[in-house]
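Quick notes on the structure that follows.
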Amino acid sequence: MPGEQLRELQFNRLRKMVDYCIDNVPFYKDKLNKAGITSSCDIESLEDIRKLPFTTKDDLKENYPDGLLAVGMDKVARIHASSGTTGKPTIGYYTRRDMEIWAEAAARVLVLNGITKSDIMQISVGYGLFTGALGFHQGAEKIGCTIVPASTGNTKKQLVMLHDVGVTALMATPSYATYLSEVISKSGIPRGEFRIGKVLLGAERCTKSMRETIENNLGVVTADNYGLTECFGPGVAGECEYHAGMHISEDIFYPEIIDPATGEALPDGEQGELVFTSLLREGMPLLRYRTRDITTLNHVKCRCGRTSVRMSAPFARTDDMFVFKGVNVFPSQIECAIDETDGLSPYYHIRLEREGFVDTATLFVELKQPKELLSDRKLQEIEDCLQNKLREMVIVRVNTRLVNPETLQRFTGKAKRVEDLRYSGE
Ligand code: ZN
Numbered sequence: 001m002p003g004e005q006l007r008e009l010q011f012n013r014l015r016k017m018v019d020y021c022i023d024n025v026p027f028y029k030d031k032l033n034k035a036g037i038t039s040s041c042d043i044e045s046l047e048d049i050r051k052l053p054f055t056t057k058d059d060l061k062e063n064y065p066d067g068l069l070a071v072g073m074d075k076v077a078r079i080h081a082s083s084g085t086t087g088k089p090t091i092g093y094y095t096r097r098d099m100e101i102w103a104e105a106a107a108r109v110l111v112l113n114g115i116t117k118s119d120i121m122q123i124s125v126g127y128g129l130f131t132g133a134l135g136f137h138q139g140a141e142k143i144g145c146t147i148v149p150a151s152t153g154n155t156k157k158q159l160v161m162l163h164d165v166g167v168t169a170l171m172a173t174p175s176y177a178t179y180l181s182e183v184i185s186k187s188g189i190p191r192g193e194f195r196i197g198k199v200l201l202g203a204e205r206c207t208k209s210m211r212e213t214i215e216n217n218l219g220v221v222t223a224d225n226y227g228l229t230e231c232f233g234p235g236v237a238g239e240c241e242y243h244a245g246m247h248i249s250e251d252i253f254y255p256e257i258i259d260p261a262t263g264e265a266l267p268d269g270e271q272g273e274l275v276f277t278s279l280l281r282e283g284m285p286l287l288r289y290r291t292r293d294i295t296t297l298n299h300v301k302c303r304c305g306r307t308s309v310r311m312s313a314p315f316a317r318t319d320d321m322f323v324f325k326g327v328n329v330f331p332s333q334i335e336c337a338i339d340e341t342d343g344l345s346p347y348y349h350i351r352l353e354r355e356g357f358v359d360t361a362t363l364f365v366e367l368k369q370p371k372e373l374l375s376d377r378k379l380q381e382i383e384d385c386l387q388n389k390l391r392e393m394v395i396v397r398v399n400t401r402l403v404n405p406e407t408l409q410r411f412t413g414k415a416k417r418v419e420d421l422r423y424s425g426e
C-alpha cells in the first residue's frame, strides 16, 4: 500500500480505537480524560497519537488479570499467557475476531519468511499458554502448508520427524535451533537426507553467531521474527528475503520509537524504546504500550517492494538487563563481545556472585574447539580479545572462563543466561 494511503488507514483506525477504549475500558477512560482527551475528536492527525499517555507493564500488573479487558468474558475465545520474569504472567485475551486478525498477521510473517503452501513446517516451540507455537500454527494453516506440531523437548523424536517426513521448514527459538542443528550435523545422517531449507527463528533474541552456526550446520537460510503476547504474539514483524530489518504489520500494530528516559518520539534510525498501539484489537486493546525493547525503525521502502516500516532486531530488552556495580548491563552487549571474538561459540552463561562486599561477574563461554587442541598462546589470545571487547561494551570488569565445547547447559525453550547468586545467602 502506498505510504499516504497507509497513513490514512492508520489514522482512521487509531481514531476508532481511541473511542473504543474510552467506551469500553474504564482504565483508559480515566487515563485519557486526565490527559485531556475525551473522544477521537481530540486526535486530528496521526502525529496526535503523541497526546495519548503510555501504557506500561506496571499498568498491566496493577490491572491484573482482566482490568484492561474491553469485552465481556462471553466474547473471549482464547486466553494466552507469557511467563513473566518476576511474579505474575502477562495475560492476553482474544476474541474470535482477534484470533482471525492474529492468524492473518502470523501468515504475513510466514510469507515474509519465505513459507509457501508447499512447505512442510515443523513447529518446535512450546504449544500451550505460550503464544509462539499456536500463533504460528494458525498462520501456517491460513497459508495452507503442512504442519508438524512437534512442540519442544524429545530431541530424538524431533530429529526423526524432521528426517522421516521430509520437513522443509523448521520453526524454533534460536537457542533450540542451534542445538538441533548441532545434533543433526553430528547424527551421522547425511545432510542430503534432510530437506530443511529454511529455519524460522523467534521468541528470543538471536545473535549473529547463532544464525551462522545454524546456517553452516544445516546449509539453510534463517529468518528472524518478532512478537509479544501484549500484541497477540508472533506475527508483529518478520524478515523478508533481503534480511534488512523486520517488516512490521503496521496497519495492525502502530509502532513508535521513544526516548526511554523522556518519552519523546525519536526519528528513524535512532535507538530507543519500541512502543505499539493496537489498531484493531478487540479483547485487550493497548494504546502506546511500552515494550521495553530497544531498537530502531526504518520507513524507507524495502527492496522486496513492501512499503511497511522495518524494525531492527531489538538490541536489548530492559527486562533482561541486570545492574552490576551500578552499571546497566544487557546480555546482548555480552553476546556482541562473544560474537566479535574468533574461536568462541554462541553458548555462554553469566554468574553474578558476592564475595564479602564485592560483586563479581563471571562469564563462561564455550570454545569452538577443545582446549586440548589449542596452544596456551592461542587460548590467551582468545581470552585477551574477549576481555577487550567486553571492556568496550560493558565498561565494568567481567571475569572470563573459556570452557570446552558442549559443557554448558542447553535450553529447549528460552535460554536462561544470567544466574544471580548475589542475594541467595540473605
Ligand atoms: Zn523487505
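Counting in this note's numbering, the sequence shown runs from 1 upward without gaps. Where a beta carbon is used, it is the ideal one built from N, C-alpha and C, also for glycine.
Those residues which DSSP pairs with residue i across a bridge
i    : result
I248 : A237
S82  : T90
E353 : T360
E366 : V403
D420 : L352
E256 : V275
N33  : According to DSSP, N33 bridges with nothing at all.
I147 : M121
A169 : M121, K198
L344 : L367
F322 : V329
M284 : Partner(s): none; M284 has no beta bridge.
8 Å Cβ cutoff met for residue i and residue j
i    : j    : result
A172 : L218 : no
Y254 : L274 : no
T307 : P2   : yes
L170 : Q122 : yes
I252 : R310 : no
I79  : G92  : yes
V327 : I395 : yes
H163 : F130 : no
L112 : E215 : no
V183 : T155 : yes
L60  : T95  : no
Y348 : R401 : no
S82  : T291 : no
F276 : I294 : no
N63  : F11  : no
V398 : L363 : yes
G132 : A223 : no
S45  : D19  : no
A313 : R205 : yes
A77  : L52  : no
Beta-carbon contacts of residue i that lie in its chain and below 7 Å, excluding the five residues immediately before and after
i    : result
E270 : I257, T296
E335 : T207
R281 : D98
L379 : K371, L402
Y242 : C302, R303, C304
Residue i CB to nearest heavy atom of ligand 1 below 7 Å
i    : result
R303 : yes
R97  : no
Y226 : no
Y64  : no
Y20  : no
C145 : no
R306 : yes
H299 : no
H80  : no
C385 : no
Y423 : no
C206 : no
H137 : no
H427 : In the structure displayed, the chain extends from 1 to 426; residue 427 sits before or after that span and is not available.
C336 : no
Y348 : no
C41  : no
Y242 : yes
Residue i versus the options, residue with shortest Cα-Cα distance
i    : options                : result
F54  : T262, G188, T155       : T262
K371 : I382, L162, D19        : I382
N24  : L14, R15, L9, L69      : L69
A106 : I120, A140, D74        : A140
T440 : M161, V199, Y176, T168 : One cannot answer for residue 440 here, as it falls past the ends of the chain, which runs 1 to 426.
L134 : P149, E215, I120       : P149
S181 : F276, I143, E47, V221  : V221
V167 : G128, G144, I120       : I120
M246 : S209, C302, T412       : C302
Close-in-space but distant-in-sequence residues of the same chain around residue i (CB under 6 Å, 5 per side omitted)
i    : result
S345 : E366, K368
V236 : Y226, G227, F253
Y179 : R410
H299 : D268, V309
R351 : T362, E419
Any chain E beta carbon closer than 8 Å to residue i
i   : result
Y64 : The structure shown contains no chain E; it is built from a single protein chain.
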